[in-house]
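Visitor:
4 protein chains.
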Amino acid sequence: MTATSRPGRPVLLGQNQYGKAENRVVKITRDGGTHHIKDLNVSVALSGDMDDVHYSGSNASVLPTDTTKNTVYAFAKEYGIESAEQFGIHLARHFVTSQEPIHRARIRIEEYAWERIDASDANSKFIGADEVRHSFVRKGQETRLTQITYDGESWEVVSGLKDLVVMNSTNSEFWGYVKDRYTTLQEAYDRILATEVSGRWRFNWTDDEQKAPNWEKSYEQVRKHMLQAFAETYSLSLQQTLYQMGARIINSRAEIDEVRFSLPNKHHFLVDLEPFGLKNDNEVYFAADRPYGLIEATILRDGAEARIPVDLTNL
Amino acid sequence: MTATSRPGRPVLLGQNQYGKAENRVVKITRDGGTHHIKDLNVSVALSGDMDDVHYSGSNASVLPTDTTKNTVYAFAKEYGIESAEQFGIHLARHFVTSQEPIHRARIRIEEYAWERIDASDANSKFIGADEVRHSFVRKGQETRLTQITYDGESWEVVSGLKDLVVMNSTNSEFWGYVKDRYTTLQEAYDRILATEVSGRWRFNWTDDEQKAPNWEKSYEQVRKHMLQAFAETYSLSLQQTLYQMGARIINSRAEIDEVRFSLPNKHHFLVDLEPFGLKNDNEVYFAADRPYGLIEATILRDGAEARIPVDLTNL
Amino acid sequence: MTATSRPGRPVLLGQNQYGKAENRVVKITRDGGTHHIKDLNVSVALSGDMDDVHYSGSNASVLPTDTTKNTVYAFAKEYGIESAEQFGIHLARHFVTSQEPIHRARIRIEEYAWERIDASDANSKFIGADEVRHSFVRKGQETRLTQITYDGESWEVVSGLKDLVVMNSTNSEFWGYVKDRYTTLQEAYDRILATEVSGRWRFNWTDDEQKAPNWEKSYEQVRKHMLQAFAETYSLSLQQTLYQMGARIINSRAEIDEVRFSLPNKHHFLVDLEPFGLKNDNEVYFAADRPYGLIEATILRDGAEARIPVDLTNL
Amino acid sequence: MTATSRPGRPVLLGQNQYGKAENRVVKITRDGGTHHIKDLNVSVALSGDMDDVHYSGSNASVLPTDTTKNTVYAFAKEYGIESAEQFGIHLARHFVTSQEPIHRARIRIEEYAWERIDASDANSKFIGADEVRHSFVRKGQETRLTQITYDGESWEVVSGLKDLVVMNSTNSEFWGYVKDRYTTLQEAYDRILATEVSGRWRFNWTDDEQKAPNWEKSYEQVRKHMLQAFAETYSLSLQQTLYQMGARIINSRAEIDEVRFSLPNKHHFLVDLEPFGLKNDNEVYFAADRPYGLIEATILRDGAEARIPVDLTNL
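Chains as they are written, first to last, in my numbering: chain X, 1 to 315; chain Z, 316 to 630; chain R, 631 to 945; chain P, 946 to 1260.
Below you can see the structure in the form of structure tokens.
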């Protein structure tokens, strides 16, 4: 990062960006009586020749954040929302190519999933149920994420998810660790392993000349492989499980070169029932809130460059 | 409610209760390699002869809240967790029957649902996947709720849910309403209807002599009927939809006499795209946060008494 | 509560209410260069002849929730916001007296407090600071609450607060309690007592003929007395402290007849430092999240009727 | 960032760190009857030779996260908590110097402020109030933050705050901006400017040989200068205000070389009261939730290197 210098000015401007955050756009597509939903939360961040607005307050180079909001809604109509990634690409390209002072656009999107409400049974006394194709219930599991960055030349697409809570009720151990003066932890040979997955993965698609991935299928497959690796790894540490989850993605999905996970170890402590004359044979656990172990790492395809930052925010 | 009077004391004690809130208990049941989870958040509230502790600080009649916590964990072992309702019944009975000063126990439980992680495909290059029966992903939709109250003689069971977000993308209108000096709303003939359902339903099981409902099946069926009524009602107001949801439950489930809903009208406003030369044919919506309409009502089986309070809290 | 019966209709409507919740209104009053803020979150709930809208969807008696929102903003201009209570009284009276079908209005208000940003020091090299009387920083402590209910004849005003976190680092004990099979708690003779106060207090002003309390002063005084009672009570149980807090209010403020508190016991556990060869002389504590004791009670002036419900919600 | 390569391994490990997050430690210091509180939330992240645990699950180099938790509590006793920064320095130094495989420690701390509960008035009928020096109420405004990073050679200390909500009710304009096809915003010549400050500032103290800043005084002074710059800037854009806030800090505090702010523009929209025959002379505003403008920038002392990352997380 280079700060922008001004003659006689001892305080300089460094990296800066602006835009409208958390534009909540819902797009309904009607295929006869069958409706489809896309439900997004879109945040725009623009960078470029923005010295004047910081130093003097001149807005001569500033496209208002309100306009970036309007653009989100207009583009939902003009381009539709095929996928969060594709929608972000349309937006990022627009800001960089249409506005001289804007050199870089970063679009972050949260996507909320919905599924159809099942129709009444055929023999229901309530009629019309099988006709209903416009009723939805929100799937509450993970929130899907994507971040599109464009500088006028190349693309960076980092997709991911947050708030996906998973648990293995066995096949997890933790022992053989360093012990110092402050160590009191007992070794564990059969423990619960639970975490709330926050993950990001970077695509190797960077150029309009390349064929773009199938973003929807990619998400579904990455999620599946990640979950299966979590389920199938006999775990000696959450670090090992994390690595297996990332490696499974890299090995299974050619379009992805880098994965980063932030995995809180959601501790489930075996409750001591002996004072009550009861034996707790790995049955009854206390699910603790805080503190929690926090395990974070980047997993890379050999030869790939690490570009996902250490800290991950959503908006 | 009657306040407890004391000679010469001008300030009296009214309704009071105490206990440990939010005991997070996870129970794993192992059927060979196949594991089952129950994941609860249990809150205990006890009432009875508790004047002394308030007036003088004497704890001679006070079973510590810490003990009520221990009891939750011990009972998870001693009785298992067949259902949240059944578990609450065990706990409430215990406190009222084992402690002379305690006349009434109220157990509130939140239940978090989990589903199994799908095994790898048969032709997966990763082995062992079909053996994994101990890996779970949390279902994020609604949180299931129950409240068990026991006074030593009769039971009141109120179950419910919160955070179930639903949407109809059509078949909702709103017109023909009162207009006064402050009315600016335009009538709507095709709008999105979305809400985040918070519902409670009261069982007519009150007595150990009665056969208890199948709590698990009841929850599943109530949820299904409620969703179907939401989906299948052509709505002229959220009030009408609410009534249909409640009536469908009462008409479908003989074990339930009373339903109460608190339904925020999660407004989705059609975005005005005309300034951009675009037509918005019920396609692009802004999902607003606040303010929101809030529609609340009780629905009763004819002859039943209304007992669910106006305000509903969880813990 | 009486359900409304309809011929041939087996499912009846019970208590119901509707309105716009969480209207965020900020009022700036300019006294020359000196500005004043009122920052409220206003929720409206109306009840009355609302059977038709539930049974048939007819909105002929329904003043739209959007209109109730507009009224909030218009009244901020027409009447100003002298206090949250006074503002709620204007609104409640308006809805009940201007709309035939509306028999009862309940206005709930959250108020967020602000304080002025201190001007630069007189000898500051930055000029103009002492002229600034329009800059504010939000006071983050408690949120002030009020609930106004009007049925066309009499008023009920219940004010209160939430999220006020307090702690005594000594002068708290807990011993002499009941011990049963599940009791493991050690008696404590010097513990931290901390809670997050949620309180409500009901005024005995019910009638326009009575002189209304000074709402602003009353809030300030109730808060002060409540905090002082918390600080000055040598506590043998949180129940005792709760009673003292309520009694102090009743004894100090003639305008208040009933108080209800919901006090989570925010446990601070003394950390066992012995494994590290250290003595913990009531110095180092772990602040736990869950579970927590939850102590709730109503305190009444002798002769007053208890009217504040067991469960307290905000909106 | 360099990935760690292994012969024949196509998937590599990149940046990684681990530790216990959110250790809630409360320290009471007793000076006779006068008590003092430090209330922290401490998160530990350690990095170093951690390849084996990721690749094979071997914990031979892993100090358990549980031990890092114990160390936090033990150090609260051994060293006391003079300031969050000083406490973090003790911890970071310990992990890097005592554990061979650990090359870098990052300690993040949130600090919650408390103030004393005022004693009863001298003429109070309640006695003993002026003796109470152990009763506190939590100050709810901002949360103070610090991040200490140590690699065995040099220190990086970045302190800051979050959740500080500020408002100017006048002296803010926004006009003269770019207009494109999607621009509908009206220019504003007198608007409310409100934001929730999230800020971080980096100290130029990096070496044990240097005299360390007075961390407590520095925080207090930075906060004061930042607020005064917000209050005293006649704002033509939030970007300009942000720059002034950062520049004021750099110019006033020699110990700080870099500041980064993330400032959501908390929009307050003037409500259109004309439909009700009322004039809104900058009096009545709707405080919107989402979307919001988001303005982020780094401000640097001339010659300083920018090191605070674009995204800021707390834990």
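Cβ coordinates follow ideal geometry from the N, Cα and C atoms, glycine included.
All of these numbers come straight from a predicted model, not from anything done at the bench.
1) Considering only DSSP beta bridges, list what Val767/R is partnered with.
2) Might you give, ordered along the chain, the residues of its own chain that have their beta carbon closer than 7 Å to the beta carbon of Ser237/X, omitting 5 neighbours on each side?
3) At 8 Å on the CB atoms, spell out the chain R contacts of Asp289/X, in chain order.
4) Please identify the residue among Arg419/Z, Asn483/Z, Leu500/Z, Trp520/Z whose C-alpha is closest to the C-alpha of Ile507/Z.
5) If you drop the 5 nearest sequence neighbours on each side, which residues of the same chain put their C-beta closer than 6 Å to that of Thr698/R?
6) For Arg181/X, which residues in chain R fall below 7 Å Cβ to Cβ?
7) Could you say if the segment 517 to 526 of chain Z and the segment 566 to 576 of chain Z meet the contact criterion of at least three C-beta pairs nearer than 8 Å?
8) So Val625/Z packs on Gln645/R, CB below 8 Å; how close in whole Å?
9) Of all the CB atoms in chain Z, is at least one closer than 9 Å to the CB of Val42/X?
10) To the nearest angstrom, report how far apart Ala704/R and Phe1221/P are at their CA atoms.
11) So, is the C-beta of Val1255/P closer than 9 Å to a C-beta in chain X?
12) Any Cβ of chain X within less than 9 Å of the Cβ of Thr871/R?
13) Suppose you measure from the CA of Asn467/Z to the CA of Lys392/Z; what does that come to, to the nearest Å?
14) Find the nearest neighbour of Leu791/R within the set Asn671/R, Glu745/R, Tyr849/R, judged by alpha-carbon distance.
15) Going by CA-CA distance only, name the one from Tyr873/R, Val702/R, Leu775/R, Gly687/R that's closest to Val656/R.
16) For the pair the segment 28 to 46 of chain X and the segment 102 to 112 of chain X, tell me if three or more CB-CB distances fall below 8 Å.
17) Ile719/R to Ile778/R, Cα distance in whole Å?
18) The segment 774 to 807 of chain R: which residues have C-beta closer than 8 Å to a C-beta of chain Z, in chain order?
19) Taking 9 Å as the threshold (beta carbon to beta carbon), is Lys335/Z in contact with chain R?
20) If the cut is a Cβ gap below 8 Å, which residues of chain Z does Met685/R touch?
21) Counting contacts by CB-CB distance shorter than 9 Å, is Ala759/R in contact with chain Z?
22) List the whole-angstrom C-beta distance separating Asn171/X from Tyr234/X, where the pair is believed to meet the contact cut-off of C-beta under 8 Å.
23) Hey, Lys896/R and Glu826/R: beta-carbon distance below 9 Å or not?
24) For the putative contact between Tyr1095/P and Leu13/X, defined by C-beta atoms under 8 Å, what is the C-beta separation to the nearest angstrom?
25) Where does Gln1044/P fall in DSSP's three states?
26) If you measure between the beta carbons of Val1135/P and Trp1100/P, is that distance less than 9 Å?
27) Residues in the segment 208 to 226 of chain X with C-beta within 8 Å of chain Z's C-beta atoms, listed in sequence order?
28) Can you tell me the Cα-Cα spacing of Asn566/Z and Ala621/Z, whole angstroms?
29) Please report whether the beta-carbon of Ala1037/P lies at a distance below 9 Å from any beta-carbon of chain X.
30) Cβ closer than 7 Å: which chain P residues qualify as neighbours of Lys657/R?
31) Please state the DSSP three-state secondary structure of Gln1262/P.
32) Quick one, are the C-beta atoms of Ala1029/P and Ser1104/P less than 9 Å apart?
33) Please list the terminal residues of the continuous alpha helix (DSSP H) segment that includes Ser882/R.
34) Should Met631/R be labelled buried (16 or more other beta-carbon atoms within 10 Å of its own) or exposed?
35) Work out the CA separation of Val326/Z and Asp932/R for me, nearest whole Å.
Guide: If we stick to the structure as given:
1) In the DSSP output, where bridge partners are listed per residue, Val767/R has Glu745/R, Val1111/P.
2) Closer than 7 Å at Cβ, skipping near neighbours: Phe174.
3) Going along chain R in sequence order, the residues near Asp289/X (Cβ under 8 Å) are Asp919, Arg920.
4) When only C-alpha atoms are compared, the closest one is Asn483/Z.
5) Hits under 6 Å: Gly649, Lys650, Val674.
6) Going along chain R in sequence order, the residues near Arg181/X (Cβ under 7 Å) are Phe906.
7) Counting Cβ pairs under 8 Å, three or more are found: they touch.
8) For a cut-off of 8 Å, the C-beta gap from Val625/Z to Gln645/R is around 6 Å, short enough to register as a contact.
9) No, Val42/X lies away from the interface with chain Z (no Cβ there is under 9 Å from its Cβ).
10) Distance between Ala704/R and Phe1221/P, taken at the CA atoms: about 7 Å.
11) At least one chain X Cβ lies under 9 Å of Val1255/P.
12) The beta carbon of Thr871/R does not come within 9 Å of any beta carbon belonging to chain X, so the residue lies off that interface.
13) The question names Asn, but residue 467/Z is Gly in the sequence shown. So the alpha carbons of these two residues sit roughly 24 Å apart.
14) Across the set Asn671/R, Glu745/R, Tyr849/R, the C-alpha of Tyr849/R shows the shortest separation from the C-alpha of Leu791/R.
15) For Val656/R, the closest alpha carbon among the candidates Tyr873/R, Val702/R, Leu775/R, Gly687/R is that of Val702/R.
16) Yes, since at least three Cβ pairs between the segment 28 to 46 of chain X and the segment 102 to 112 of chain X fall closer than 8 Å, the two stretches touch.
17) About 6 Å.
18) For the segment 774 to 807 of chain R, residues whose beta-carbon sits nearer than 8 Å to a beta-carbon of chain Z comprise Phe804, Trp805, Gly806, Tyr807.
19) Yes, because at least one Cβ of chain R sits closer than 9 Å to the Cβ of Lys335/Z.
20) Position check: residue 685/R holds Tyr in this sequence, whereas Met was assumed. Chain Z residues near Tyr685/R: Gln555, Tyr558.
21) Any reading at Ala759/R is ruled out, since the residue's pLDDT is 49, under 50, leaving its predicted position unreliable.
22) Separation of the CB atoms of Asn171/X and Tyr234/X is rounded to 5 Å, and the pair is thereby assigned contact status at 8 Å.
23) With respect to the 9 Å criterion, Lys896/R and Glu826/R are classified as neighbours on the basis of their beta carbons.
24) Rounded, the Cβ-Cβ distance is 29 Å, inconsistent with contact.
25) Here Gln1044/P sits in coil by DSSP.
26) Note on identity: in this sequence residue 1135/P is Asp, with Val being the wrong assignment. No, these two residues do not count as a Cβ contact at 9 Å.
27) Of all residues in the segment 208 to 226 of chain X, Lys224 have a Cβ within less than 8 Å of some Cβ in chain Z.
28) Using only the alpha carbons, I get a separation of about 17 Å.
29) Not an interface residue.
30) Annotation: Cβ neighbours of Lys657/R in chain P (cutoff 7 Å, chain order): Glu1228, Val1229.
31) Residue 1262/P falls outside the range modelled here, since chain P spans only 946 to 1260, and no answer is possible.
32) Contact flag set, yes.
33) Per DSSP, Ser882/R belongs to the alpha helix (DSSP H) from 868 to 882.
34) Bear in mind that a pLDDT of 39 at Met631/R, under 50, signals an unreliable position, so the model cannot answer this.
35) Each residue's alpha carbon lies about 5 Å from the other.
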